[in-house]
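Encoded as structure tokens, the structure appears first; notes follow it.
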Amino acid sequence: MNGILLASVPLLYPVYILSQFLLVNNNPLQIIYSWFHRFIIVTFTIGEKISDVTPPSTSTSEALNPSSPPVASQLLAYVIVAVFGYWATDGLIPIIKSYTLRKGISGKDLGKRGTALADVDVPEALGIVPGAIFLICLTFCLVGYATSHPTKLLDCNSALLSVCFMLFLGFTDDVLDWPWRYKLLLPTIASLPLLCCYEGSTSIIVPIQLRPLLMKDGLLTPLSKILCYFMVVDENADGAIINLGLWYLLYMGMLAVFCTNAINIYAGINGLEAGQSYVIGCAVLLHNLIEIQDESSLSRENHLFSAMLMLSFVSVTLALLKHNWYPASVFVGDTFCYFAGMTFAVVGILGHFSKTLLLFFIPQVLNFLWSVPQLFKIVPCPRHRLPKFNPETGLLQPSTFQCKSFEYKWLKSWKNQNGTEVANMTVINLVLQIFGPMSERNLCIVLLCGQIVFCCLGLYVRYNLAQLFFDE
Numbered sequence: 001m002n003g004i005l006l007a008s009v010p011l012l013y014p015v016y017i018l019s020q021f022l023l024v025n026n027n028p029l030q031i032i033y034s035w036f037h038r039f040i041i042v043t044f045t046i047g048e049k050i051s052d053v054t055p056p057s058t059s060t061s062e063a064l065n066p067s068s069p070p071v072a073s074q075l076l077a078y079v080i081v082a083v084f085g086y087w088a089t090d091g092l093i094p095i096i097k098s099y100t101l102r103k104g105i106s107g108k109d110l111g112k113r114g115t116a117l118a119d120v121d122v123p124e125a126l127g128i129v130p131g132a133i134f135l136i137c138l139t140f141c142l143v144g145y146a147t148s149h150p151t152k153l154l155d156c157n158s159a160l161l162s163v164c165f166m167l168f169l170g171f172t173d174d175v176l177d178w179p180w181r182y183k184l185l186l187p188t189i190a191s192l193p194l195l196c197c198y199e200g201s202t203s204i205i206v207p208i209q210l211r212p213l214l215m216k217d218g219l220l221t222p223l224s225k226i227l228c229y230f231m232v233v234d235e236n237a238d239g240a241i242i243n244l245g246l247w248y249l250l251y252m253g254m255l256a257v258f259c260t261n262a263i264n265i266y267a268g269i270n271g272l273e274a275g276q277s278y279v280i281g282c283a284v285l286l287h288n289l290i291e292i293q294d295e296s297s298l299s300r301e302n303h304l305f306s307a308m309l310m311l312s313f314v315s316v317t318l319a320l321l322k323h324n325w326y327p328a329s330v331f332v333g334d335t336f337c338y339f340a341g342m343t344f345a346v347v348g349i350l351g352h353f354s355k356t357l358l359l360f361f362i363p364q365v366l367n368f369l370w371s372v373p374q375l376f377k378i379v380p381c382p383r384h385r386l387p388k389f390n391p392e393t394g395l396l397q398p399s400t401f402q403c404k405s406f407e408y409k410w411l412k413s414w415k416n417q418n419g420t421e422v423a424n425m426t427v428i429n430l431v432l433q434i435f436g437p438m439s440e441r442n443l444c445i446v447l448l449c450g451q452i453v454f455c456c457l458g459l460y461v462r463y464n465l466a467q468l469f470f471d472e
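Note that this note's numbering gives residue 79 to position 79 of the sequence shown, counting from 1, and the numbers run on in steps of one.
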């Protein structure tokens with residue numbers, strides 16, 4: 001029961017906004033009736049006259065070319081598909097995990113050394129189940145979405161291709177254990193379909209405070225003249241707009257690489273990978289629904305596309321979290337981390353809110369920045385940087401690496417400047433250093449609560465502080 005309550009917290013407000021669409025402003029039964037009505041019209045007009053099955057007030061052109069269904073109708077369809085996705089994922093995971101165990105795709109839970117669970121084989125790479133179900137759900141959704149929004153068909157196909165490629169890469173990584181150089185290269189290749197199909201603007205809005213550095217008294221400054229060798233500063237906008245051109249596409253490619261690997265390195269305890277993805281997915285969905293509510297929004301169609309993906313993603317991730325929560329009966333593996341990261345990159349790029357997406361990744365950004373010295377071998381980096389389980393207390397404590405007493409004093413606490421052990425540089429270990437040892441379940445709850453707080457902060461910055469830096 002406690003797990004259900006915790007999982008419902010990030011989803012509360014998105015569900016509230018959805019209810020405004022489906023219950024307050026529209027009658028769900030009437031929407032479903034309209035689906036059947038449209039289906040009957042299309043079916044029976046194959047062999048009959050349209051006038052025989054349509055009301056007298058309905059013209060032939062309206063029957064053959066029905067307008068795009070209302071937003072509420074589309075959202076309800078996506079919700080129904082998402083419910084199917086949750087049910088299918090929850091039911092298939094126990095079945096598929098027996099196959100992975102049979103083939104030896106399993107591992108030991110390093111966070112439970114010294115306990116009775118230490119030698120139990122836990123099925124790995126179960127992220128393949130929510131990933132496959134997500135692709136099936138997305139295919140069903142795209143049938144209706146592409147029909148109503150034919151101009152977005154290319155975006156839909158590129159999204160499917162990129163997510164499918166990363167799902168395949170993640171599963172092969174779990175089986176073959178790819179070196180890190182491939183983990184950086186292959187997401188770049190997987191993002192190429194997105195970048196080739198990208199038809200949005202490559203310009204950025206310069207913050208108000210920085211515009212005097214680019215234009216002064218209607219003339220380009222020395223800095224902007226240097227920038228013009230690589231990009232275009234819009235003189236007509238008085239330095240408010242810079243067209244990055246290919247640099248913007250490079251940024252989006254790097255965004256895809258970051259999203260896929262950021263979740264992968266911010267991991268290691270039961271429930272964290274699926275949990276953080278679930279929270280971020282709920283935040284993205286909330287952002288989409290807020291934008292969809294605004295009928296004057298120019299990007300309403302893009303956010304509807306993103307909401308379609310996020311509803312199915314949140315549902316399959318929630319089902320996976322149910323099995324991956326402490327004590328985990330399955331491991332999500334790199335399969336899920338890559339699949340989740342590429343899904344976020346897809347909605348950020350094709351939904352045209354990549355900068356807002358980064359606001360939801362603040363814990364992952366902080367974890368990456370704090371890990372840079374170890375990732376680039378400036379500081380020794382052991383293979384596993386997971387927290388260390390203390391069998392005497394039953395709690396997790398920061399894992400460490402060995403060093404000499406005079407080394408890395410800048411990483412040692414002021415009480416232990418001459419020590420020979422230094423805590424590994426991850427946010428997970430940092431939280432344990434600040435708050436002290438705690439159980440694996442409580443540690444995951446603390447980290448996910450932090451993720452929720454930062455996502456709320458990101459939404460606050462997006463809707464309340466953005467006007468301080470940008471024009472209305």
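Every residue, glycine too, gets a C-beta built ideally from N, C-alpha and C.
query: Here's the rule I'm using: 16 or more other beta-carbon atoms within 10 Å means buried, otherwise exposed. How should G436 be labelled?; result: exposed
query: Excluding the five sequence neighbours on either side, which residues of its own chain have a C-beta within less than 7 Å of the C-beta of H352, listed in chain order?; result: G200, S299, N302
query: Using alpha carbons as the reference points, say which of I205, L101, V163 lies closest to A466.; result: I205
query: Assuming contact is defined by CB atoms lying nearer than 8 Å, are V332 and L11 in contact in what I supplied?; result: no
query: Quick one: is A116 buried, meaning 16 or more other Cβ sit within 10 Å of its Cβ, or exposed?; result: exposed
query: Counting C-beta neighbours from all protein chains within 10 Å, is the total for H384 16 or more, i.e. buried, or is it exposed?; result: exposed
query: Output yes or no for whether 8 Å exceeds the beta carbon distance between N264 and C337.; result: yes
query: How many angstroms separate the CA atom of L18 from the CA atom of L448?; result: 24 Å
query: Can you tell me whether Q402 is buried or exposed? The criterion is at least 16 other CB atoms within 10 Å of its CB, across all chains shown.; result: exposed
query: Have a look at K216 and Y248 and give me their C-alpha separation to the nearest angstrom.; result: 25 Å
query: In the structure shown, what three-state DSSP assignment does G104 receive?; result: coil
query: Pull up the CB-CB distance for N324 and A274, whole angstroms please, since I reckon it's below 8 Å.; result: 5 Å
query: S8: buried (16+ other C-beta within 10 angstroms of its C-beta) or exposed?; result: exposed
query: For E440, tell me which candidate among A240, Y326, W178, V232 has the shortest Cα-Cα distance.; result: Y326
query: Please report how far the alpha carbon of I452 lies from the alpha carbon of T426, in whole angstroms.; result: 19 Å
query: How big is the Cα-Cα spacing for L101 and W410?; result: 44 Å
query: For S203, which residues does DSSP report across the bridge?; result: N243
query: Inspect the beta-carbon positions of L432 and P387 and report whether they are closer than 8 Å.; result: yes
query: Going by the beta-carbon positions, is the gap between Y479 and N367 smaller than 8 Å?; result: For residue 479 there is no data in the structure shown, the boundaries of the chain being 1 and 472.
query: Might you give, ordered along the chain, the residues of its own chain that have their beta carbon closer than 7 Å to the beta carbon of L213, omitting 5 neighbours on each side?; result: T221, L223
query: Could you check if N424 is buried or exposed, using at least 16 other CB atoms within 10 Å of its CB as the buried criterion?; result: buried
query: Measuring straight from C-alpha to C-alpha, what distance separates F361 and E392?; result: 35 Å
query: Among the residues of its own chain, which have a CB less than 6 Å from the CB of Q374, if the five just before and after it don't count?; result: C381, M425
query: Which of the three DSSP states, helix, strand or coil, is assigned to P123?; result: strand
query: Excluding the 5 residues preceding and the 5 following I445 in the sequence, name in chain order all residues of the same chain whose CB lies nearer than 6 Å to its CB.; result: none
query: Can you tell me which residues form a DSSP beta bridge with Q402?; result: E421
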